[in-house]
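Protein chains in written order, with my numbering: chain A, 46 to 121; chain B, -11 to 248.
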């Protein structure tokens, strides 16, 4: 007797797992930015470029997941 | 109208894949002229015409177009080049401004109706842009410090016993991972954005065509999501253009900085 049948690609689950880390990372970056701006509002313009750079670097991991998901989609 | 779109949608390939990015050549004899080639030419032409027209007849009190061109250049000069690289970074402002404008226009092609795809969703275009930035920052470092540049970059002030670990890490992060992530970040953002829009737009047609009656109204939700995500894509397009320029200038700053 089959209890459950799974069909389709596991890649979606893999990508979901892969997105946890960058999700936490991006959250931390913006949390720190909001905190630092709340403590010292005049520093907001100074730190903003670093926020975007940090955001882009962390987010790259999630995007690599998207790209490689397609790159390796055909190979089993 | 609706009937024809459904008939068209019936043979749309539903789960969108990599094949959707390989567009056929527009002219039979020249297979290399695809939509992407034309879009890159259009982007270059648009930027050229815009800046030439804006600065053809400069006024002391700027007109609207001149004001727009001046604020774009002023933003890259003051907020990116001067703030991130330092006073000496102003000489890179023309390159950074050109890069920002080119990326902005090509990225925004991804959401312009009837164009709907960005040339940057093909890895070839981001790779060339990343290679230009890579060569530029290494060249600047070498020109200022000579071979000492490599010692500045690779050897950080740390106890000698961590250096065997630190030097390979620094080498990989500066000379291997930087150009790779610079290219892949832009590519993956544009690629993923296009796939997401395809999923929701084509998914709407698939739901509308489905046999189950209760699934048909959900297609409206799918299209609403497609519209909402188009706005998100606009944000991503602008953000990625900005991030590419900011990272290029921060690499330049690292290459030109004094020794640690």
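Note that beta-carbon positions come from the ideal geometry of N, C-alpha and C, so glycine has one too.
Return helix, strand or coil for residue i, following the three-state DSSP convention.
{"i": "residue 2(B)", "result": "coil"}
{"i": "residue 251(B)", "result": "The structure shown has nothing for residue 251(B), since chain B only spans -11 to 248."}
{"i": "residue 71(B)", "result": "helix"}
{"i": "residue 52(B)", "result": "helix"}
{"i": "residue 156(B)", "result": "helix"}
{"i": "residue 236(B)", "result": "helix"}
{"i": "residue 209(B)", "result": "helix"}
{"i": "residue 29(B)", "result": "helix"}
{"i": "residue 246(B)", "result": "coil"}
{"i": "residue 48(A)", "result": "coil"}
{"i": "residue 47(B)", "result": "coil"}
{"i": "residue 103(A)", "result": "helix"}
{"i": "residue 138(B)", "result": "helix"}
{"i": "residue 199(B)", "result": "coil"}
{"i": "residue -4(B)", "result": "The pLDDT assigned to residue -4(B) is 47, lower than 50, so where the model puts this residue is not dependable; a value taken from the coordinates is nonetheless given after this. Three-state DSSP puts residue -4(B) in a helix."}
{"i": "residue 75(A)", "result": "helix"}
{"i": "residue 65(A)", "result": "helix"}
{"i": "residue 117(A)", "result": "coil"}
{"i": "residue 109(B)", "result": "helix"}
{"i": "residue 171(B)", "result": "helix"}
{"i": "residue 121(B)", "result": "helix"}
{"i": "residue 23(B)", "result": "helix"}
{"i": "residue 151(B)", "result": "helix"}
{"i": "residue 104(B)", "result": "coil"}
{"i": "residue 55(A)", "result": "coil"}
{"i": "residue 143(B)", "result": "coil"}
{"i": "residue 10(B)", "result": "coil"}
{"i": "residue 111(A)", "result": "helix"}
{"i": "residue 85(A)", "result": "coil"}
{"i": "residue -9(B)", "result": "Summary for residue -9(B): the model assigns pLDDT 41, below 50, so the residue's position carries little reliability; its value from the coordinates is reported in the next sentence. Residue -9(B): helix per DSSP, three-state reduction."}
Using a 10 Å radius around the Cβ and a threshold of 16 neighbouring Cβ atoms, would you call residue i buried or exposed?
{"i": "residue 241(B)", "result": "buried"}
{"i": "residue 88(A)", "result": "exposed"}
{"i": "residue 64(B)", "result": "buried"}
{"i": "residue 191(B)", "result": "buried"}
{"i": "residue 234(B)", "result": "buried"}
{"i": "residue 177(B)", "result": "buried"}
{"i": "residue 29(B)", "result": "exposed"}
{"i": "residue 45(B)", "result": "exposed"}
{"i": "residue 86(A)", "result": "exposed"}
{"i": "residue 131(B)", "result": "exposed"}
{"i": "residue 100(B)", "result": "exposed"}
{"i": "residue 221(B)", "result": "buried"}
{"i": "residue 51(B)", "result": "exposed"}
{"i": "residue 152(B)", "result": "exposed"}
{"i": "residue 21(B)", "result": "exposed"}
{"i": "residue 57(A)", "result": "exposed"}
{"i": "residue 166(B)", "result": "buried"}
Can you list the residues of chain A that residue i reaches, using a CB-CB cut of under 8 Å?
{"i": "residue 169(B)", "result": "102, 105"}
{"i": "residue 180(B)", "result": "108, 111, 112"}
{"i": "residue 8(B)", "result": "Correct list: empty, because the minimum Cβ distance to chain A is about 10 Å."}
How would you list, in chain order, the residues of chain B whose beta-carbon sits under 8 Å from the beta-carbon of residue i?
{"i": "residue 98(A)", "result": "231, 234, 235, 238"}
{"i": "residue 86(A)", "result": "Per Cβ cutoff of 8 Å: no residues; residue 86(A) is ~18 Å from chain B at best."}
Give the interface partners of residue i over in chain A, defined as CB-CB distance under 9 Å, in chain order.
{"i": "residue 175(B)", "result": "108, 112"}
{"i": "residue 119(B)", "result": "Within 9 Å Cβ-Cβ: nothing; residue 119(B) doesn't reach chain A, min ~18 Å."}
{"i": "residue 172(B)", "result": "105, 108, 109, 112"}
Find the residues of chain A that neighbour residue i, judging by a C-beta separation of less than 7 Å, and give them in chain order.
{"i": "residue 72(B)", "result": "94"}
Does the pairing of the stretch 111 to 121 of chain B with the stretch 171 to 190 of chain B give three or more beta-carbon distances under 8 Å?
-> yes
Contact between the stretch 103 to 113 of chain A and the stretch 53 to 70 of chain A (3+ Cβ pairs under 8 Å) = yes
Cβ pair count under 8 Å reaching 3, the stretch 83 to 93 of chain B against the stretch 220 to 237 of chain B | yes
Flag this pair as touching only if the stretch 185 to 204 of chain B and the stretch 55 to 72 of chain B have three or more C-beta atom pairs under 8 Å; answer yes or no.
-> no
Determine contact between the stretch 177 to 186 of chain B and the stretch 0 to 12 of chain B, defined as no fewer than three beta-carbon pairs at a distance below 8 Å.
-> yes
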